[in-house]
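Trainee: Sending over a structure as structure tokens; questions will come in a sec.
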Amino acid sequence: TWLADMLHRDFGMTTHAVGFSYDRELYRVLPRKNPETKNIFFYARPNTARRSFELGVLVLAEVAKRHPDAIAVLAGADLSGYEIPFKHTNPGIVDLADLPALYAQCDVGLVLSFSNLSLLPLELMACGVPVVSNRAPCTEWLLSDEIALLERPTVLALANAICT
Numbered sequence: 025t026w027l028a029d030m031l032h033r034d035f036g037m038t039t040h041a042v043g044f045s046y047d048r049e050l051y052r053v054l055p056r057k058n059p060e061t062k063n064i065f066f067y068a069r070p071n072t073a074r075r076s077f078e079l080g081v082l083v084l085a086e087v088a089k090r091h092p093d094a095i096a097v098l099a100g101a102d103l104s105g106y107e108i109p110f111k112h113t114n115p116g117i118v119d120l121a122d123l124p125a126l127y128a129q130c131d132v133g134l135v136l137s138f139s140n141l142s143l144l145p146l147e148l149m150a151c152g153v154p155v156v157s158n159r160a161p162c163t164e165w166l167l168s169d170e171i172a173l174l175e176r177p178t179v180l181a182l183a184n185a186i187c188t
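All the letters of the sequence shown, read from the start, carry residue numbers 25 to 188 under the numbering used here.
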């Protein structure tokens with residue numbers, strides 16, 4: 025994996041790659057409550073630099089210009105102290121048992137990572153949610169063009185992928 029290779033190459037560490045998976049009993053496709061509402065999930069963690077909160081907000085603002093009725097679902101942190109310039113909900117930190125139901129209400133998930141990827145893309149996909157992510161070695165060890173929409177980490181490229 026990317027992380028094992030990087031630790032070995034850059035720090036001379038002995039590593040053993042471990043693949044990612046998800047809880048198959050928890051994450052599954054569930055029915056949509058309001059399929060006519062367009063929801064975009066974003067893992068919004070301003071205090072975690074590798075999740076690129078600022079880029080995500082800019083991408084979602086661009087998407088909102090094109091689709092003003094879309095609602096961004098910003099989970100992962102309390103964002104009440106931030107000015108978010110588009111329609112959104114902010115469930116904050118969500119209990120593990122409630123994540124599948126939240127994911128199932130979304131049409132697409134924006135998952136940004138500029139270091140080791142999380143389980144989130146797999147969990148979203150297990151719930152039937154297509155994933156848009158940035159193209160980088162730290163994402164491509166797990167995600168590929170066959171299972172996700174990978175794009176350059178720019179506002180327009182990622183917004184175009186979401187709007188596809």
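Backbone N, C-alpha and C define an ideal beta-carbon position, used for all residues, glycine too.
Would you report the Cα separation of A172 and S104, rounded to the nearest angstrom?
Mentor: To locate residue 172, count along the sequence shown from 1; it is residue 148. To locate residue 104, count along the sequence shown from 1; it is residue 80. So the two alpha carbons sit approximately 31 Å from each other.
Trainee: What do you get for L166, buried or exposed, if any count of 16 or more other CB atoms within 10 angstroms of its CB means buried?
Mentor: Here residue 166 refers to the residue found at position 142 of the sequence shown. Buried: at least 16 other Cβ atoms inside 10 Å.
Trainee: First and last residue of the alpha helix (DSSP H) that includes E78?
Mentor: On the sequence shown, position 54 is the one that residue 78 refers to. From DSSP, the alpha helix (DSSP H) with E78 extends over F77 to R90.
Trainee: Identify the continuous alpha helix (DSSP H) that holds Y127 and give its terminal residues.
Mentor: The count along the sequence shown starts at 1 and reaches residue 127 at position 103. Run containing Y127: L123 to A128, per the alpha helix (DSSP H) assignment.
Trainee: Taking just the CA atoms, how far does L98 sit from K62?
Mentor: For the purposes of this step, residue 62 is taken as residue 38 along the sequence shown, with counting starting at 1. For the purposes of this step, residue 98 is taken as residue 74 along the sequence shown, with counting starting at 1. Roughly 14 Å between the two C-alpha positions.
Trainee: Throw me the rounded Cβ distance for the F77 and A68 pair, which I believe falls under 8 Å.
Mentor: Start at 1 with the first residue of the sequence shown, and residue 77 comes out as number 53. Start at 1 with the first residue of the sequence shown, and residue 68 comes out as number 44. Between A68 and F77 the Cβ distance is about 6 Å, and since that is below 8 Å, they are a contact.
Trainee: V153 and F65 - do their beta-carbons sit closer together than 8 Å?
Mentor: By one-based count along the sequence shown, residue 65 stands at place 41. By one-based count along the sequence shown, residue 153 stands at place 129. Yes; because the gap between Cβ atoms is below 8 Å, this pair is in contact.
Trainee: For L136, name the three-state secondary structure that DSSP assigns.
Mentor: Here residue 136 refers to the residue found at position 112 of the sequence shown. L136: coil per DSSP, three-state reduction.
Trainee: Using three-state DSSP, classify T72 as helix, strand or coil.
Mentor: Stepping through the sequence shown from its first residue, residue 72 is reached at position 48. DSSP places T72 in coil when its eight states are reduced to three.
Trainee: Going by beta-carbon coordinates alone, are S137 and R176 separated by less than 8 Å?
Mentor: Within the sequence shown, the letter at position 113 stands for residue 137. Within the sequence shown, the letter at position 152 stands for residue 176. Cβ atoms of S137 and R176: not closer than 8 Å.
Trainee: Report the option in L31, S168 and V118 whose CA atom is closest to the CA atom of L146.
Mentor: For the purposes of this step, residue 146 is identified with residue 122 of the sequence shown, where counting begins at 1. When each option's Cα is compared against that of L146, the closest is S168.
Trainee: Hey, would you say I186 sits closer than 8 Å to V155, going by beta carbons?
Mentor: The residue given as residue 186 occupies position 162 in the sequence shown. The residue given as residue 155 occupies position 131 in the sequence shown. Going by C-beta atoms, I186 is not nearer than 8 Å to V155.
Trainee: Report the rounded CA-to-CA distance for H32 versus L134, giving the unit in angstroms.
Mentor: By 1-based counting over the sequence shown, the position of residue 32 is 8. By 1-based counting over the sequence shown, the position of residue 134 is 110. Taking the straight line joining both Cα atoms gives about 30 Å.
Trainee: Going along the chain, which residues of its own chain have a beta-carbon closer than 6 Å to the beta-carbon of A150, five neighbours each way excluded?
Mentor: For the purposes of this step, residue 150 is taken as residue 126 along the sequence shown, with counting starting at 1. For A150, where only same-chain residues beyond five positions count, the Cβ hits under 6 Å are Y46 and Y51.
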